[in-house]
Structures are given as structure tokens and as C-alpha cells.
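Count the sequence shown with our numbering and you get residues 146 to 373, in order.
No residue lacks a Cβ here, since even glycine has one placed at the ideal position from N, Cα and C.
A quick note: this is a predicted structure, and the numbers were derived from the prediction, not measured.
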Amino acid sequence: KQVTHIVPVGFTKEKLIEGIKQFPFHKIILVLGKEEVSGERRARRTAKEIERAFKDIAEVEYLYVDKEDVLNASLELIKAIKRERSEGREVMLNASGSLRNLSIACYISALLSNAKIYTTISKYEDGEVVGVEKVVPIPFIPIRDVSDEQMEILKALKREAPSIDELIYRMKPEIRKGSNEHNSERARVSHHLRKLKKWGLVDTEKAGKNLRIRLTKLGKVYVAGRGG
């Protein structure tokens with residue numbers, strides 16, 4: 146499947162070019178501001194340098210958005226994502242070098258359209274950016290609010306649970322293991338855990354007959370921000 150990279154352009158070409166090269170690429174959409182202010186003129190020169198680096202090996206297009214309006218920029222990016230997908234291409238967003246509000250717009254549009262988004266850690270030599278140390282995928286916070294029952298599970302997992310039974314005990318210590326109520330609760334918790342794992346908030350690992358359960362880094366951030 147062909148891959149399109151949507152790339153908001155700032156002042157540094159090296160990290161954008163090297164970031165794209167870490168993935169398959171067939172088309173590159175360089176995103177610039179509509180208004181030709183002083184900083185934007187420099188970004189446009191950078192975009193031309195990126196175009197020259199890829200024009201013989203990939204299709205290159207330009208997209209002009211209002212960098213000062215996060216939601217309008219997000220809307221334009223989502224339209225571009227949908228257009229590329231309608232033509233059968235996978236879409237990735239490179240948020241490594243964007244100026245002003247575009248990095249926020251990138252995240253919003255990627256989250257709402259479920260497109261992959263990544264950034265890079267710069268590699269320096271003599272104080273100058275010469276490439277990238279590594280590419281960092283940006284995880285999504287679930288756009289839906291988790292239910293009260295699911296949040297209860299997440300809070301109970303502030304410490305890793307060695308088993309579902311232990312997790313149930315933390316939340317409802319009055320339930321006797323082996324009872325019908327316990328079996329029902331186990332089914333309920335297992336159902337919620339499958340969803341929470343799908344959303345990237347928890348991780349599980351088989352340990353003998355038990356299932357170890359822990360919060361992912363994303364889960365810890367979510368609980369800290371939303372769970373109190």
C-alpha cells in the first residue's frame with residue numbers, strides 16, 4: 146500500500162527529511178501557512194529544499210493552511226487525510242518541525258481520523274541539526290471518556306495486579322472468590338480490560354495460570370489527568 150506523509154514545515158529540513166526516510170513513502174504533502182509573514186518565508190525556502198530532496202523519488206504537493214487557527218488547520222489536515230485515503234493510500238503525519246499551532250493541529254487531526262503521527266529526536270553535530278537520533282510514535286489519548294466502571298479499574302491498577310482475582314479484591318473485597326457473584330464480576334472486569342487494552346491504557350501478560358495487569362505509560366497519564 147502506498148504511503149503519504151503530511152509534513153508541516155518549519156525551519157529545519159534535516160529532521161523532516163530523515164524522519165520521512167524512516168518509513169515507506171510515495172507521496173509527501175508539505176504544509177505551509179497561507180500568510181507570507183517573515184518566518185513563513187523561511188519555512189517556504191525550507192519546503193523547497195525538502196521538495197528537491199524527494200522530487201525524483203516521490204510525488205510532492207503543497208497544502209496551505211491558517212497556522213493561527215488551530216481548528217481550521219485541523220479541518221484542512223483532516224480533509225487532506227480523507228482525500229489521500231479515498232485514493233487508497235495510508236497516511237502518516239510528521240510533527241517534527243512544525244511552527245506555531247500546527248503541531249497541535251496535527252495531533253487533533255490524527256486523533257480524530259485515526260492516522261499515525263510521529264515526531265523525531267534531533268541528532269546534533271557542533272550544535273547543528275544533522276539528522277535524527279530516532280523516530281518517536283505519538284500515542285493517542287482515547288477520544289471517548291472511559292466509563293466510571295473502567296475508571297475504577299484503572300485507579301485500582303496504580304499498582305500492578307498479579308491477577309484478575311487480585312484486581313477484583315482491590316475494588317470489591319467483600320466478594321467471596323468462587324461465588325456466583327465473583328464469577329459475574331470476573332466476566333465484567335475481563336470485558337472492560339479487553340477494551341482498555343485495545344485503547345492502549347492497560348497491558349496484560351500471562352504468568353502461569355494468571356494474567357498480570359498493569360497500566361501502560363499512556364494509562365498512567367490518563368489516570369493522572371482524569372482520574373484524580
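*When we look at the beta-carbon of Pro169 and count the other beta-carbons within 10 Å, is it buried (16 or more) or exposed?*
exposed
*Would you be able to state if there are at least three C-beta pairs under 8 Å between the stretch 294–309 and the stretch 249–262?*
no
*Can the beta-carbon of Lys160 be found less than 8 Å from the beta-carbon of Gly272?*
no
*Using a threshold of 8 Å, state whether the C-beta atoms of Leu216 and Ala192 are closer than that.*
no
_Contact defined as beta carbons within less than 8 Å: I believe Tyr367 pairs with Leu346. What is the distance between those atoms, to the nearest angstrom?_
6 Å
*Could you say if the stretch 146–157 and the stretch 176–187 meet the contact criterion of at least three C-beta pairs nearer than 8 Å?*
yes
*Which residues DSSP lists as bridging Lys279, in chain order*: Ile266
_Exposure label - Lys212; buried when at least 16 CB within 10 Å_ = buried
*Can you give, in chain order, each stretch of the beta strand (DSSP E) that sits fully within the stretch 169–238 and has at least 3 residues?*
172–178, 204–210
*From Glu180, Lys146, Val210, residue whose alpha carbon lies closest to that of Val152*: Val210
*Determine the extent of the alpha helix (DSSP H) in which Arg359 is found, giving its start and end residues.*
Looking at the DSSP string, Arg359 is not in any alpha helix (DSSP H); the run it does join, the beta strand (DSSP E), is 355–360.
*Note down, in chain order, each residue of its chain lying with its Cβ closer than 6 Å to the Cβ of Arg234, except the 5 sequence neighbours on either side.*
Gln147, Thr149
_Spatial distance of His337 from Ile262 (CA atoms)_ = 27 Å
*Over what stretch of residues does the alpha helix (DSSP H) that includes Val334 continue unbroken?*
325–343
*Distance, Ser248 Cα to Met237 Cα*: 13 Å
_DSSP-derived helix/strand/coil call for Ile151_ = strand
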